[in-house]
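Peer 1:
Residue numbers (the UniProt record's numbering): 1 to 263.
1) Do you know how far the Cα of residue 256 is from the Cα of residue 93?
2) Suppose contacts are defined by Cβ-Cβ distances below 8 Å. Is residue 166 in contact with residue 115 by that definition?
3) Which of the three DSSP states, helix, strand or coil, is assigned to residue 141?
4) Excluding the five sequence neighbours on either side, which residues of its own chain have a C-beta within less than 6 Å of the C-beta of residue 7, listed in chain order?
5) How many Å lie between residue 224 and residue 232 at the Cα?
6) Out of 48, 215, 77, 262, which one is the CA nearest neighbour of residue 112?
7) So for residue 174, helix, strand or coil by DSSP?
8) Decide if residue 204 is buried, meaning its Cβ has at least 16 other Cβ atoms within 10 Å, or exposed.
9) Suppose you measure from the CA of residue 172 to the CA of residue 72; what does that come to, to the nearest Å?
10) Are the region 215-229 and the region 35-47 touching, with three or more C-beta to C-beta distances below 8 Å?
11) Please confirm whether residue 121 and residue 147 have their CB atoms less than 8 Å apart.
12) By the 10 Å Cβ neighbour count, where 16 or more other Cβ atoms means buried, how is residue 47 classified, buried or exposed?
13) Buried or exposed: which applies to residue 21, given that a residue is buried once 16 or more other Cβ atoms fall within 10 Å of its Cβ?
14) Could you pull out every residue in the same chain whose Cβ sits closer than 6 Å to the Cβ of residue 23, ignoring the five residues on either side in sequence?
15) Going by beta carbon distance, what residues of the same chain come within less than 7 Å of residue 194, once the five residues before and after it are set aside?
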């Protein structure tokens, strides 16, 4: 995670961002702290990367890379405003004993790569290039399933899919998703692979309710995603609502602020 000490919105690289709207950095820090404290309360081991002045989106740590089996595949950002984040995160990975793989292809880390069961779901259409999916497959030796995003409000895969149970012991794993975020071929894949997936409402998705983090039982979600909360409880999960409304102004939620470090 990365504390949003320099968070603000001074440019527009997604539909959520509007530099004309005021942002409150102290409120963003307070809301982020609640998320951090929630993770600590759940017993998670949370590591922090130092924020860098001039990189207001660095708080969205999920975009900093993708980590499986101690191998950290670095990020290579689409927009120049975020480009320096890639090397910053790769430096952190190296200093913390991860096997760092520098990217050739454009990708935005765990924003567009989700480990579910024995496969990697990979998003393309707005940020990560589809060639990065081949690169990730070669690095990790795992199948990569390409999914194409078509709604600019859901520009990263982690805004349109929530991984609820990533364990291979549960078959393909469990997910929730928003159908309207994907093209028809991608929807066909999701329907076939995850016939029992939770389908979220447009209203919950519109506050980035799917941008959540799960340990397989506890699911940290947007506090206002009430129907998603209801569906999770009905499936036996324990949803925990957190208000990240200030960070939503930059186009991020719970998952965006969370990069999983899989040793």
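Yeah, the Cβ is synthetic: ideal placement off N, Cα and C, and Gly gets one too. These numbers were taken from a predicted model, which means no experiment stands behind them.
Peer 2: Taking the definition as stated:
1) Residue 93 sits at position 93 when you count from the first residue of the chain shown. Residue 256 sits at position 256 when you count from the first residue of the chain shown. Distance from the CA atom of residue 93 to the CA atom of residue 256, rounded to whole angstroms, is 18 Å.
2) Along the chain shown, read from residue 1 onward, the residue named residue 166 stands at position 166. Along the chain shown, read from residue 1 onward, the residue named residue 115 stands at position 115. Yes.
3) Here residue 141 is taken as the residue at index 141 of the chain shown, counted from 1. When DSSP states are grouped into helix, strand and coil, residue 141 belongs to the coil group.
4) Taking the first residue of the chain shown as position 1, residue 7 is located at position 7. These residues qualify, in order along the chain: 25, 28, 56, 59.
5) What you label residue 224 is simply residue 224 of the chain shown in a count that begins at 1. What you label residue 232 is simply residue 232 of the chain shown in a count that begins at 1. In this structure, the CA atom of residue 224 is about 14 Å from the CA atom of residue 232.
6) By 1-based counting over the chain shown, the position of residue 112 is 112. It is 77.
7) The residue you call residue 174 lines up with position 174 of the chain shown. Residue 174: strand per DSSP, three-state reduction.
8) Position 204 of the chain shown holds residue 204. Per the 10 Å Cβ criterion, buried.
9) What you label residue 172 is simply residue 172 of the chain shown in a count that begins at 1. What you label residue 72 is simply residue 72 of the chain shown in a count that begins at 1. Their backbone Cα atoms lie some 23 Å apart in a straight line.
10) Segments in contact, yes.
11) Residue mapping note: residue 121 aligns to position 121 of the chain shown, counting from 1. Residue mapping note: residue 147 aligns to position 147 of the chain shown, counting from 1. Closer than 8 Å, so yes.
12) Here residue 47 is taken as the residue at index 47 of the chain shown, counted from 1. Taking all protein chains shown into account, residue 47 has fewer than 16 neighbouring C-beta atoms within 10 Å of its C-beta and is therefore exposed.
13) Along the chain shown, one-based indexing puts residue 21 at 21. Answer is exposed; the Cβ neighbour count stays below 16.
14) Translated into the one-based positions of the chain shown, residue 23 becomes position 23. Hits under 6 Å: 8, 9, 249.
15) Walking along the chain shown from the start, residue 194 turns up at place 194. Hits under 7 Å: 172, 175.
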